[in-house]
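**Student:** Would you mind keeping the following structure in view while I ask a few things?
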Amino acid sequence: MSIKDRIKNLTNTLNKHNINYYVYDNPTISDFEYDILLRELEELENKNPQYKNQNSPTMRVGSNPLKEFGTIKHRLPMLSLANAMNENELEDFNKQIIKLDLKDVEYVAELKLDGLAVELVYENGQFIYGSTRGDGFEGEDITTNLKTIKGIPLSLVGDRIPTLLEVRGEVFINKKDFKKLNSNRIKQDLVPFANPRNCAAGSLRQLDPKITSRRPLRIYCYGPGEIKGFEFDSQIDFLNYLPKWGFPVNPHIKLGSGLNFLKKYYKSAEKLREKIDYDIDGVVFKVNAYFLQKKLGERSKSPRWAIAGKFKAEQGVTKILDIQISVGRTGALTPVAKLEPIKVGGVIISNATLHNQDEINKKDIRINDYVLIQRAGDVIPEILKVIKEKRLSNSNQFFISKVCPICKSEAYKKNNNAVLRCRNSNCKAIIKGKIEHYVSKNCMDIVGLGTKIIDLLIINNLLSNISDIYKLKIKDLINLERMGPKSAENIINSINQSKQTTLAKFINGLGIRNVGLNASKLLAKKFNDDIFKLINCNYDELININEIGEIMADSIIKYFSDEKNINIINECLSSNLNFNSFRVIQSTTLKDKSFAFTGSLKNYSRSQVAEIVESYGGYFSSSLNKKTDYLIAGNKSGSKLSKAKSLGIKILNEKEFLDLLEKI
1 MSIKDRIKNL TNTLNKHNIN YYVYDNPTIS DFEYDILLRE LEELENKNPQ YKNQNSPTMR
61 VGSNPLKEFG TIKHRLPMLS LANAMNENEL EDFNKQIIKL DLKDVEYVAE LKLDGLAVEL
121 VYENGQFIYG STRGDGFEGE DITTNLKTIK GIPLSLVGDR IPTLLEVRGE VFINKKDFKK
181 LNSNRIKQDL VPFANPRNCA AGSLRQLDPK ITSRRPLRIY CYGPGEIKGF EFDSQIDFLN
241 YLPKWGFPVN PHIKLGSGLN FLKKYYKSAE KLREKIDYDI DGVVFKVNAY FLQKKLGERS
301 KSPRWAIAGK FKAEQGVTKI LDIQISVGRT GALTPVAKLE PIKVGGVIIS NATLHNQDEI
361 NKKDIRINDY VLIQRAGDVI PEILKVIKEK RLSNSNQFFI SKVCPICKSE AYKKNNNAVL
421 RCRNSNCKAI IKGKIEHYVS KNCMDIVGLG TKIIDLLIIN NLLSNISDIY KLKIKDLINL
481 ERMGPKSAEN IINSINQSKQ TTLAKFINGL GIRNVGLNAS KLLAKKFNDD IFKLINCNYD
541 ELININEIGE IMADSIIKYF SDEKNINIIN ECLSSNLNFN SFRVIQSTTL KDKSFAFTGS
601 LKNYSRSQVA EIVESYGGYF SSSLNKKTDY LIAGNKSGSK LSKAKSLGIK ILNEKEFLDL
661 LEKI
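In the working numbering, the protein residues as written are 1 to 664.
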């Protein structure tokens, strides 16, 4: 195959995989395999730029920064929707429709995503430009940023391509990706984002598209603008056809008629709200038939044929009783608002992080203020604003002391960073944080060494770093408050059991800034489970590892350049730590086999199953697709079980899974 043909083949293959992943939620290759193909394409294109296709997935990484955004006029207005705040208002909407002698009108019901509305414009199947909703009549030109979103097709697939196609959609970030993004920002001393919606909106308004390309943005498309060269009769026909052209569409769309349908969907969506991995703030109901939409028409700001059913806001007003400063394992001083307990979204909230001094100043947050707080899914409760009408006349601005509240050492800011840090590496709060991290489940998994016991051990000068854990004796523990002989014995046994581990878990336990479990696995694999090869590696070796960037490489080099860290590692190793390598068994039974998991097993957690599968040379995936070889199904199995049956995937219960391992 010629280089030109190989580039064309890789471009088509990767674009097809993007559609399978983002449109059909059915990945056909692993992320690792995708990255290998993408890297090959990048290398070929760099050496042979004359063969680069305008639809290449490498076009998504971002171009040069813009000075400012231009504006784009919408051919058809992007109107906002009227709101129904309760069932009575839904009933009023339905009455207005049937008033026009329209009985048994079909409605399309959709989830209302809490993201940023955009419009995508295609001419003869090619993505030409895209914009924000703006004021409904014109929006910002964010074409270069939209091109970085993998779910947006740069060219349409399939047949019957319109000469002009305008598609509206909602750009969002799911909760899992948002949590990971914020975790990485905290590790890099950056201010975490307040919520997924703000993050998505801010990402699309970045003047540098390279920044946008690093944000985990997704899109679901929901409506048409102007279309030429193709006609649809209804909203449901339009939504069903979009995936054929390569557009992602939300899977929770229903078609029905009558008021009972509207109420039933609204209630089911409220229950779904906490289960799905992205934020929704309501539902949208649209008259299905386009000729009826035309007949009903529009008001000045909203269509008569659609309405948004808004959920009750997961918000509440409470009082800030105090602002306390916590110190983490990296020395970061984080202000935490202590709140008068309030129930929001079914959960009692008594704390809210304030992130840093900049955030406090921006919102002008003070002790004794009444504040509006919001809780969204798994996101940490956020203070939206201060109710200044209720502020006391003698209130004072709050400033974080530049002295560590634990050890009284001077706190400092690195460069222009917003985060204050304790500079004393012997600070008891930092030591405690490092030890808590080391014993946690994704690290050395030492059961029984909880926060209170670690506190007591530090106070009694029995722990000053992670290596001291292996010097503990039963008699040390028995002398602690409320510690019996059996509990002490269990902790010592757990410590001894933890010595049989993997290098990846040990690396993760060291708490190297910016290095998590996945990066630790990559490092262990790269250096063949040899800790000394890792300690003595250079920057170039690290930067050439897939997914290890410059910031992470700098952190690793800096960590292993510190003699104190090396001494602690040597102390740990002298305690007979044994790093079991991932046993890539030369077996046709599990080697390169793909596994997925659903439900719960009696003897193993999901993470333990993943470790077992990987240790035998297999792959473990959180999603299920037609290339999955086995589904391990436990009690209370979810929808994956029925999907596996329909795809003909081999299903194993816990005993069958263990029997499979015994055969190796």
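Even for Gly, the Cβ is constructed at its ideal location relative to N, Cα and C. Owing to the predicted nature of the structure, the values given are computational and were not obtained by experimental measurement.
(1) Given this structure, state the Cα-to-Cα distance separating SER708 from GLU140, to the nearest angstrom.
(2) Between the beta-carbon of ILE7 and the beta-carbon of TYR51, is there less than 8 Å?
(3) In or out: ASP369 buried (at least 16 other Cβ within 10 Å) or exposed?
(4) In terms of residue numbering, what span does the alpha helix (DSSP H) encompassing ALA429 cover?
(5) For GLY151 versus TYR222, is the C-beta distance shorter than 8 Å?
(6) Grouping DSSP H, G and I as helix and E and B as strand, with all else coil, what is TYR559?
(7) Return the chain-ordered ranges of every alpha helix (DSSP H) run that is complete within the region 313–368 and spans a minimum of 4 residues.
(8) Does SER155 come within less than 8 Å of chain D when only Cβ atoms are used?
(9) Mind checking ASP5: buried by the 16 CB within 10 Å criterion, or exposed?
(10) Mind checking whether ILE512 and SER555 have CB atoms under 8 Å apart?
(11) Using a threshold of 8 Å, state whether the C-beta atoms of LEU259 and VAL249 are closer than that.
(12) Count the other C-beta atoms from every protein chain shown that fall within 10 angstroms of the C-beta of ASN396, then say buried if there are 16 or more, exposed otherwise.
(13) Compare the Cα-Cα distances from ASN528 to each of THR502, ASP540, ASN538 and report the closest residue.
(14) Bridge partners for ASP554 per DSSP, in chain order?
(15) List the residues that DSSP assigns as beta-bridge partners of ASP177.
(16) Reducing DSSP to helix, strand and coil, say where CYS572 ends up.
(17) List the residues that DSSP assigns as beta-bridge partners of ARG168.
(18) By a C-beta neighbour count over all protein chains shown, 10 Å radius and 16 as the cutoff for buried, is ASP159 buried or exposed?
(19) State yes or no: is the C-beta of ALA332 within less than 8 Å of the C-beta of VAL419?
(20) Quick check on LYS640: buried or exposed, where buried means 16 or more other Cβ atoms within 10 Å of its Cβ?
(21) I'd like the list of long-range same chain contacts for LYS343, defined as Cβ closer than 8 Å, with 5 residues on each side in sequence excluded.
(22) So, VAL327 versus CYS422, is the Cβ gap smaller than 8 Å?
(23) Where does the unbroken beta strand (DSSP E) through GLY256 begin, and where does it stop?
(24) Assuming contact is defined by CB atoms lying nearer than 8 Å, are GLU138 and THR212 in contact in what I supplied?
(25) Tell me which residue opens and which closes the beta strand (DSSP E) that ILE148 is part of.
(26) Exposed or buried, which one is ILE469 when buried takes at least 16 other CB atoms within 10 Å?
(27) Is there contact here, the region 455–469 with the region 357–368, by at least three beta-carbon pairs under 8 Å?
(28) Would you grab the beta carbon distance between LEU156 and LYS147 for me? Rounded to a whole angstrom, and I think it's under 8 Å.
(29) Secondary structure at ASN635, three-state DSSP: helix, strand or coil?
(30) Whole-angstrom Cβ separation of ASN195 and GLU382, contact assumed at under 8 Å?
(31) Kindly indicate which residue of LEU113, GLY115, ASP114, ILE97 has the alpha-carbon position closest to the one of TYR107.
(32) Are the CB atoms of ASP279 and ARG197 nearer to each other than 8 Å?
(33) What whole-angstrom Cβ distance do ILE548 and ALA519 have, given they're in contact under 8 Å?
(34) Output the distance between the C-alpha atoms of SER594 and LYS441, rounded to the nearest integer angstrom.
(35) Is it buried or exposed, PHE657, if we count other Cβ atoms within 10 angstroms and call 16 or more buried?
(36) Would DSSP call THR163 helix, strand or coil?
**Tutor:** Looking at the coordinates:
(1) Residue numbering for the chain in the displayed model covers 1 to 664; residue 708 lies beyond these limits and cannot be assessed.
(2) For the purposes of this step, residue 7 is taken as residue 7 along the sequence shown, with counting starting at 1. For the purposes of this step, residue 51 is taken as residue 51 along the sequence shown, with counting starting at 1. Judged by their CB atoms, ILE7 and TYR51 are nearer to each other than the 8 Å cut-off.
(3) Sequence index remark: in the sequence shown, residue 369 carries index 369 (1-based). By the neighbour-count rule (16 or more Cβ atoms within 10 Å), ASP369 is buried.
(4) The residue labelled residue 429 in the question sits at position 429 within the sequence shown. Taken as a continuous stretch (DSSP letters only), the alpha helix (DSSP H) holding ALA429 covers 428–439.
(5) Locating residue 151 in the sequence shown gives position 151, counting from the first residue. Locating residue 222 in the sequence shown gives position 222, counting from the first residue. No; because the gap between Cβ atoms is not below 8 Å, this pair is not in contact.
(6) Position 559 of the sequence shown, counted from the first residue, corresponds to residue 559. In the three-state DSSP reduction, TYR559 falls in the helix class (H, G or I).
(7) For the region 313–368, whole alpha helix (DSSP H) runs of length 4 or above, ordered along the chain, are 357–363.
(8) Protein chain content of the structure displayed is limited to a single chain, and chain D is not contained in it.
(9) As a working mapping, residue 5 is identified with position 5 in the sequence shown. ASP5 should be labelled exposed.
(10) As a working note, residue 512 is residue 512 in the sequence shown. As a working note, residue 555 is residue 555 in the sequence shown. Contact flag set, yes.
(11) The residue labelled residue 259 in the question sits at position 259 within the sequence shown. The residue labelled residue 249 in the question sits at position 249 within the sequence shown. VAL249 sits away from LEU259, with the two beta carbons spaced by 8 Å or more.
(12) The residue given as residue 396 occupies position 396 in the sequence shown. In this structure ASN396 is exposed. Its beta-carbon is surrounded by fewer than 16 other beta-carbon atoms within 10 angstroms.
(13) Mapped onto the sequence shown, residue 528 falls at position 528. Distances from the alpha-carbon of ASN528 to those of THR502, ASP540, ASN538 put THR502 closest.
(14) Here residue 554 is taken as the residue at index 554 of the sequence shown, counted from 1. None, per the DSSP bridge assignment.
(15) Sequence index remark: in the sequence shown, residue 177 carries index 177 (1-based). None, per the DSSP bridge assignment.
(16) Your numbering for residue 572 matches position 572 in the sequence shown. Helix, per DSSP.
(17) The residue given as residue 168 occupies position 168 in the sequence shown. Looking at the DSSP output, ARG168 sits in a beta bridge with GLU119, GLY223.
(18) Here residue 159 refers to the residue found at position 159 of the sequence shown. Flag for ASP159 reads exposed.
(19) By one-based count along the sequence shown, residue 332 stands at place 332. By one-based count along the sequence shown, residue 419 stands at place 419. Yes. Within cutoff.
(20) Position 640 of the sequence shown holds residue 640. With 16 or more other Cβ atoms within 10 Å, it is buried.
(21) If you number the sequence shown from 1, residue 343 lands on position 343. For LYS343, the CB contacts under 8 Å within the same chain, skipping 5 residues up- and downstream, are GLY316, ILE349 in chain order.
(22) The residue you call residue 327 lines up with position 327 of the sequence shown. The residue you call residue 422 lines up with position 422 of the sequence shown. Less than 8 Å separates the beta-carbon of VAL327 from that of CYS422.
(23) As a first step, residue 256 must be located in the sequence shown, where it is residue number 256. 254–257 is the span of the beta strand (DSSP E), which, as asked, contains GLY256.
(24) Within the sequence shown, numbered from 1, the residue matching residue 138 stands at position 138. Within the sequence shown, numbered from 1, the residue matching residue 212 stands at position 212. Cβ atoms of GLU138 and THR212: not closer than 8 Å.
(25) As a working note, residue 148 is residue 148 in the sequence shown. The residue asked about is misnamed: residue 148 is Thr in this sequence, not Ile. Looking at the DSSP string, THR148 is not in any beta strand (DSSP E), and its letter there is neither H nor E.
(26) Against the sequence shown, residue 469 aligns to sequence position 469. The residue in question, ILE469, is buried, as its Cβ has 16 or more Cβ neighbours within 10 Å.
(27) Flag = no, the region 455–469 and the region 357–368 do not touch.
(28) Against the sequence shown, residue 156 aligns to sequence position 156. Against the sequence shown, residue 147 aligns to sequence position 147. Actually they do not touch by this definition, with Cβ atoms about 15 Å apart.
(29) In the sequence shown, the residue the question calls residue 635 occupies position 635. ASN635 sits in a strand when the DSSP states are folded into three classes.
(30) Here residue 195 refers to the residue found at position 195 of the sequence shown. Here residue 382 refers to the residue found at position 382 of the sequence shown. GLU382 and ASN195 do touch by the CB rule: their CB atoms are close to 6 Å apart, below 8 Å.
(31) If you number the sequence shown from 1, residue 107 lands on position 107. With distances taken between CA atoms, TYR107 lies nearest to ILE97 out of LEU113, GLY115, ASP114, ILE97.
(32) Start at 1 with the first residue of the sequence shown, and residue 279 comes out as number 279. Start at 1 with the first residue of the sequence shown, and residue 197 comes out as number 197. ARG197 is positioned such that its CB atom lies closer than 8 Å to that of ASP279.
(33) Counted from its first residue, the sequence shown places residue 548 at position 548. Counted from its first residue, the sequence shown places residue 519 at position 519. Yes, they are in contact, since the Cβ atoms of ILE548 and ALA519 sit about 6 Å apart, within 8 Å.
(34) On the sequence shown, residue 594 is found 594 positions in, with the first residue counted as 1. On the sequence shown, residue 441 is found 441 positions in, with the first residue counted as 1. Between the alpha carbons of SER594 and LYS441 lies a distance of about 24 Å.
(35) Position 657 of the sequence shown, counting from 1, holds the residue named residue 657. By the neighbour-count criterion, in which a residue is buried when 16 or more other Cβ atoms sit within 10 angstroms of its Cβ, PHE657 is buried.
(36) The residue given as residue 163 occupies position 163 in the sequence shown. It is coil, neither helix nor strand.
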